[in-house]
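Participant:
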Amino acid sequence: MFRAPAAIPFDPALDHPGIRIAATTEGYSLVAPGLCFATMTATRTPGVPVIENGRLISTNPATGAEIGAFPVASADAVGAAVDRARPAAEWWAGLGFTGRKQRLLRWTSLLANRIQDVSELISREGGKPVAEAVVECFAAIEHVSWAAKHAERVLKLRRVRGSVSLAEFSAYLEYQPYGVIGVIGPWNYPIFTPMGSIAYALAAGNAVVFKPSEYTPAVGRLIVDTFAEVVPEQPVLQILYGKGDVGAMLTRAGVGKVAFTGSTATGKKIMASCAETMTPVLLECGGKDAMIVDSDADLDAAASAAAWGGLTNAGQTCIGIERIYVVDNVHDAFVDKLVAKASALKVGVDQDSDIGPITMPAQIDTIRHHIADALDHGGRAVLGGLDAVAAPYVRPTILVDVPEDSVAVCEETFGPTLTVSRVANAHEGVRLANAARYGLGGAVFGRRDAMRIARSLRSGMTSVNSTLTFAGMGSLPFGGVGDSGFGRIHGADGLREFARPKAITKRRARSLLPSMSFERTPKQVEIIKRVVKTLHGRRR
Ligand code: NDP
Numbered sequence: 109m110f111r112a113p114a115a116i117p118f119d120p121a122l123d124h125p126g127i128r129i130a131a132t133t134e135g136y137s138l139v140a141p142g143l144c145f146a147t148m149t150a151t152r153t154p155g156v157p158v159i160e161n162g163r164l165i166s167t168n169p170a171t172g173a174e175i176g177a178f179p180v181a182s183a184d185a186v187g188a189a190v191d192r193a194r195p196a197a198e199w200w201a202g203l204g205f206t207g208r209k210q211r212l213l214r215w216t217s218l219l220a221n222r223i224q225d226v227s228e229l230i231s232r233e234g235g236k237p238v239a240e241a242v243v244e245c246f247a248a249i250e251h252v253s254w255a256a257k258h259a260e261r262v263l264k265l266r267r268v269r270g271s272v273s274l275a276e277f278s279a280y281l282e283y284q285p286y287g288v289i290g291v292i293g294p295w296n297y298p299i300f301t302p303m304g305s306i307a308y309a310l311a312a313g314n315a316v317v318f319k320p321s322e323y324t325p326a327v328g329r330l331i332v333d334t335f336a337e338v339v340p341e342q343p344v345l346q347i348l349y350g351k352g353d354v355g356a357m358l359t360r361a362g363v364g365k366v367a368f369t370g371s372t373a374t375g376k377k378i379m380a381s382c383a384e385t386m387t388p389v390l391l392e393c394g395g396k397d398a399m400i401v402d403s404d405a406d407l408d409a410a411a412s413a414a415a416w417g418g419l420t421n422a423g424q425t426c427i428g429i430e431r432i433y434v435v436d437n438v439h440d441a442f443v444d445k446l447v448a449k450a451s452a453l454k455v456g457v458d459q460d461s462d463i464g465p466i467t468m469p470a471q472i473d474t475i476r477h478h479i480a481d482a483l484d485h486g487g488r489a490v491l492g493g494l495d496a497v498a499a500p501y502v503r504p505t506i507l508v509d510v511p512e513d514s515v516a517v518c519e520e521t522f523g524p525t526l527t528v529s530r531v532a533n534a535h536e537g538v539r540l541a542n543a544a545r546y547g548l549g550g551a552v553f554g555r556r557d558a559m560r561i562a563r564s565l566r567s568g569m570t571s572v573n574s575t576l577t578f579a580g581m582g583s584l585p586f587g588g589v590g591d592s593g594f595g596r597i598h599g600a601d602g603l604r605e606f607a608r609p610k611a612i613t614k615r616r617a618r619s620l621l622p623s624m625s626f627e628r629t630p631k632q633v634e635i636i637k638r639v640v641k642t643l644h645g646r647r648r
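Structure, rendered in structure tokens:
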């Protein structure tokens, strides 16, 4: 029996001319004219998705248990999905705000009533504890509800103030859907993250073609299947299974806009691909979020929030806290409290665990490298360290005295590790926090200056005296600056992200001064000059 190397996903689509790969009940046979090869069974590494016989198989990252098998989309299937979505988008837009709101709110109640089942599936496929999955679902449902309830107010046709110089015209503004939105999602929050695009795109009147991560196709299917229960008439929300190449095909398939959430490296490829067809793009990419602990902070609250903000979901959180800057006179006390909190967390696959496995096995090498590099360059592990890395788990690791130019401080680790650095004052903390090329979220703990510090952090979102809380608030926009991407999901800005502004002027009276017309006379041009000087020429 020949076994395919575990590290190479076995792909029957790679049939070689003259050599055919045939699926059997036991595995695969290589069939070539006049030759007989042994049957080959594709061995699987827990958590690494494989394509077998044209189907994407997802497995639990700790146990390797198969979660589901999903048909991989071909190029034709990608094009067909987008073609089907176009009339569906027209039908969906035709329901109007009220019709869509009713359907979307029905979807929220369906998801809310099944929250235990949905959370269990998230846990089985991605590995996070069910309690963490419940919190994820809670936030996702909140966003569907907010988008449904506020879409009309934010996007509807409204009259806006005109201008004195064109007083004979009224001005109107509305936000019209793009038609079809391509949503490409990551695996780390498989319902919350894509929902930030899907719910807002749907509420704005678009159809959606969704490509979930290859690591979490089962949760992707659940999103689409539950939506189809409340909107059975048309394929308003469709799914495409596959690896990155399927996502790449979606970016070229003629959608009105692409909403991508994932790594910065992939985000750059998506942007380049969208540039070929001038397809607008929203990029929600990685982060290296910092927390500032000022001298007047509540240290118990700060340590507790840092432990959760940095270690939840095993640190696989785009807005996870990865760096902490603590003012000198409270640094040692804070570190002691943080170590006490983090060391009490239970790591494992049991449902009372706080931290589950690393979902994407390849990430373990990155986490190990970041810890090793920090230790090699003078850092110290006050909790965890290299021994904490024991695939598929990584135990909480707190690093201090890590140089600011090391990868553990500069690059996204995406694991349950935190660096804690001593700073002279909050100003220095902000300066170091803002030196990162990323700028997604962040947090501040303190009293007197906390709001000022929060405002000066170079990021899209900041929590004061909490961590990550902005993500669950429907009314607040979510997105980054710098290498964390651009564009916003959530809130009113998130709704507008999935709609084009449409401006209309409407004549309401005859023009006394016809400036925008060849009918104007030289005398009227003189009057126009006088009007301009009166309106704008006075020195202030
Ligand atoms: P990836 O960038 O690896 O993948 C994201 C998605 O893009 C997946 O569906 C992937 O498919 C797909 N993809 C991969 N290559 C291409 C391509 N060339 N063209 C089109 N699509 C492609 O990210 P991860 O899934 O590993 O997610 C983790 C990253 O996501 C982290 O950096 C994290 O910070 C970031 N993130 C950002 C968030 C934000 O809101 N800013 C929220 C959550 C995560 P496949 O998986 O099949 O390869």
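In our numbering, the protein residues as written are 109 to 648.
The beta carbon of each residue, even a glycine, is placed where N, CA and C say it ideally should be.
1. Please indicate yes or no: does the CB of Cys518 lie closer than 6 Å to some heavy atom of ligand 1?
2. Would Phe442 and Val502 qualify as a contact pair, given that the criterion is a beta-carbon distance under 7 Å?
3. Which residue from Gly187, Lys257, Pro179 puts its Cα closest to that of Ala361?
4. Per DSSP, what kind of secondary structure is Met148 in: helix, strand or coil?
5. Looking at Lys377 and ligand 1, is the gap between the Cβ and the nearest heavy atom below 6 Å?
6. Measure the beta-carbon distance from Arg566 to Asn533 and round it to whole angstroms, keeping in mind my assumption that it falls under 8 Å.
7. Tell me whether Glu250 is buried or exposed, calling it buried when 16 or more other Cβ atoms sit within 10 Å of its Cβ.
8. Taking only runs of the alpha helix (DSSP H) that begin and end inside the stretch 145-202, which ones reach a length of at least 4 residues, in chain order?
9. How many angstroms separate the CA atom of Val238 from the CA atom of Glu228?
10. If I'm right that Arg530 touches Val434 with Cβ under 8 Å, what's the distance once you round it to whole angstroms?
11. Just confirm the distance between the C-beta atoms of Val338 and Leu218, as a whole number of angstroms; I'd bet it's less than 8 Å.
12. Leaving aside the five residues before and after Asp484 along the sequence, list all residues of the same chain whose C-beta is less than 8 Å from its C-beta, in chain order.
13. Is any heavy atom of ligand 1 found at a distance shorter than 6 Å from the C-beta of Ile292?
14. For ligand 1, is there a heavy atom less than 6 Å away from the beta-carbon of Lys351?
15. Cβ of Asn296 versus every heavy atom of ligand 1: is any distance shorter than 6 Å?
16. Please indicate yes or no: does the CB of Cys245 lie closer than 6 Å to some heavy atom of ligand 1?
17. Could you give the C-beta distance for Ala181 and Val354, rounded to a whole number, given that I count them as a contact under 8 Å?
18. Taking Tyr433 as part of the beta strand (DSSP E), name the residues at either end of that continuous run.
19. First and last residue of the beta strand (DSSP E) that includes Gly234?
20. For Pro504, which three-state DSSP category applies?
21. Quick check for students: name the residue ranges of the beta strand (DSSP E) that lie wholly in the stretch 545-612, counting only runs of 3 or more.
22. Could you tell me if Glu512 is buried or exposed, where buried requires 16 or more neighbouring beta carbons within 10 angstroms of its beta carbon?
23. Which class does Thr132 belong to by DSSP, given the choice of helix, strand or coil?
24. Does the contact criterion of 3 or more C-beta pairs under 8 Å hold for the stretch 312-321 versus the stretch 197-205?
25. Exposed or buried, which one is Pro340 when buried takes at least 16 other CB atoms within 10 Å?
26. Would you check if there are 3 or more beta carbon pairs closer than 8 Å linking the stretch 342-356 to the stretch 317-330?
27. Beta carbon of Thr570: closer than 6 Å to some heavy atom of ligand 1?
28. Cα-Cα, which of Glu392, Tyr283, Ile466, Lys631 is closest to Ala600?
29. Using 8 Å as the Cβ pair cut-off and three pairs as the minimum, do the stretch 608-616 and the stretch 586-597 touch?
30. Starting from Tyr308 and walking both ways along the alpha helix (DSSP H), at which residues does that stretch end?
31. Under the three-state reduction of DSSP, which class applies to Ser451: helix, strand or coil?
32. For Ala326 versus Glu233, is the C-beta distance shorter than 7 Å?
33. DSSP three-state label for Gly350, please.
34. In chain order, what residues of the same chain have a beta carbon less than 7 Å from the beta carbon of Met357, not counting five sequence neighbours either side?
35. Below 8 Å on the Cβ atoms is my guess for Cys393 versus Gly375; work out the distance and round it to an integer in Å.
36. Going by other Cβ atoms of all chains shown within 10 Å of its Cβ, with 16 needed for buried, is Pro630 buried or exposed?
Facilitator: According to the data block:
1. no
2. no
3. Gly187
4. Interpretation of Met148 is limited by its pLDDT of 34, a score under 50 that renders its predicted location unreliable; the figure taken from the coordinates is listed afterwards. Residue state, collapsed to three classes: strand.
5. yes
6. Between Asn533 and Arg566 the Cβ distance is about 18 Å, and since that is not below 8 Å, they are no contact.
7. buried
8. 183-202
9. 6 Å
10. 6 Å
11. 6 Å
12. none
13. yes
14. yes
15. yes
16. no
17. 5 Å
18. 429-435
19. Gly234 -> not in any beta strand (DSSP E); alpha helix (DSSP H) instead, spanning 223-234.
20. coil
21. 551-553
22. exposed
23. Low per-residue confidence applies at Thr132: pLDDT is 32, beneath 50, and the placement is therefore not dependable, though the value from the model is reported in the following sentence. Correct three-state label for Thr132: coil.
24. yes
25. exposed
26. yes
27. no
28. Tyr283
29. no
30. 300-311
31. helix
32. yes
33. coil
34. Ala183, Val186
35. 4 Å
36. exposed
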